[in-house]
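Read through the structure below, which is laid out as structure tokens, and then see the notes.
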Amino acid sequence: MNPNVDPAEIAKFSELAHHWWNPSGDFKPLHDINPLRLDYIDTRVGLNGKSVLDVGCGGGILAESMAVRGAAVTGIDLAEKPLMVARLHLAETGNQVDYRNVAAEDLARELPQHFDAVTCMELLEHVPDPASTISACAALAKSGGQVFFSTINRNLKAYLFAVVGAEYVLRMLPRGTHDYAKFIKPSELAALCRRAGLEVRNVTGMTYNPLTKIYALGADTGVNYILHCVKV
């Protein structure tokens with residue numbers, strides 16, 4: 004098994020795989036935020052006609068939506084059960100995504116500088132070595148290619164909202180989904196990106212209003228955020 008993987012994380016998401024495409028189930032937050040992150044990516048990349056890699060694609064919510072926008076999408080994950088769910092969903096919709104059970108590091112050796120855009124969303128906080136994943140994403144992007152990461156900030160607010168609030172109070176996510184110690188500050192992520200040869204272009208926060216139950220993009224990076232880079 005690839006060293007940059009936590010078997011417990013693979014088991015956790017494999018156990019929940021059959022819920023992936025239930026918009027009211029355990030992955031409801033992913034369904035809710037997907038239009039926001041999809042538009043954020045499309046605005047900067049222009050997905051139609053582009054080759055895109057989704058690293059840690061899970062059941063394919065983002066990957067398939069990018070394919071609908073006209074991109075040639077490859078989705079990779081190390082958990083086979085979510086990939087099976089993703090492939091079954093393609094059979095229902097008729098959309099096209101190339102799903103592969105391979106590590107980003109291994110694919111980077113196979114297809115260096117291959118993709119117009121690389122997305123790595125809600126994954127870095129689940130791997131033992133985020134720097135390795137970031138370097139692989141950078142290696143997979145063409146020169147001038149766009150690279151996107153989304154993850155969770157590490158501070159008291161993020162702990163209260165993303166762990167206590169989301170998992171225990173509002174029960175938006177299964178308990179144990181996140182480990183606070185693995186959260187990453189925007190400054191830390193930006194430094195890792197620069198070290199990997201990526202130029203940071205934008206950092207945008209994603210917020211949730213528990214009263215209106217609406218997600219929004221904005222300046223508040225206190226909890227969830229997206230970081231956009233360009234391969235230099």
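Heads up, the sequence shown is in the numbering used here, so the first residue is 4 and it goes up one at a time. Cβ atoms here follow ideal geometry from the backbone N, Cα and C, with glycine treated the same way. It should be emphasised that the depicted structure is a prediction, and the values quoted were computed from it without experimental measurement.
Considering just the uninterrupted stretch of the beta strand (DSSP E) at E202, what are its terminal residues? L201 to N212
Do you know how far the Cα of G147 is from the Cα of C123? Cα-Cα distance, rounded: 17 angstroms.
Using CA coordinates, which residue listed in R112, E125, A222 and D182 is at the minimum distance from F30? E125
Here's the rule I'm using: 16 or more other beta-carbon atoms within 10 Å means buried, otherwise exposed. How should D182 be labelled? exposed
Contact under 8 angstroms by Cβ, G63 with H92: Yes; because the gap between Cβ atoms is below 8 angstroms, this pair is in contact.
What residues in its chain sit with their C-beta under 6 angstroms from that of A89, if we drop five residues either side in the sequence? G62, G63 and Y102
Helix, strand or coil at L220 [DSSP, three-state]: If DSSP states are grouped into helix, strand and coil, L220 belongs with the strands.
By the three-class DSSP mapping on this structure, what secondary structure does N37 have? helix
Local conformation of S27 per DSSP, three classes: Assigned with DSSP and collapsed to three states, S27 falls in coil, not helix or strand.
Tell me whether the beta-carbon of A120 lies closer than 8 angstroms to the beta-carbon of K15. no
Give a yes or no on contact between the region 153 to 164 and the region 217 to 231, applying the rule of three or more CB pairs nearer than 8 angstroms. yes
Cβ neighbour criterion (16 or more within 10 Å) applied to Q149: buried
Rounded to whole angstroms, how far is the Cβ of A107 from the Cβ of T136, which I believe are closer than 8 angstroms? 6 angstroms
Taking all protein chains shown into account, decide if G97 is buried (16 or more other Cβ within 10 angstroms of its Cβ) or exposed. Exposed is the call here.
Please classify T77 as buried or exposed, where buried requires at least 16 neighbouring CB atoms within 10 angstroms. Buried.
Taking the alpha carbon of F186 as the reference point, which residue from S17, N212, P131 and K84 has its own alpha carbon closest? The shortest Cα separation from F186 among S17, N212, P131 and K84 belongs to P131.
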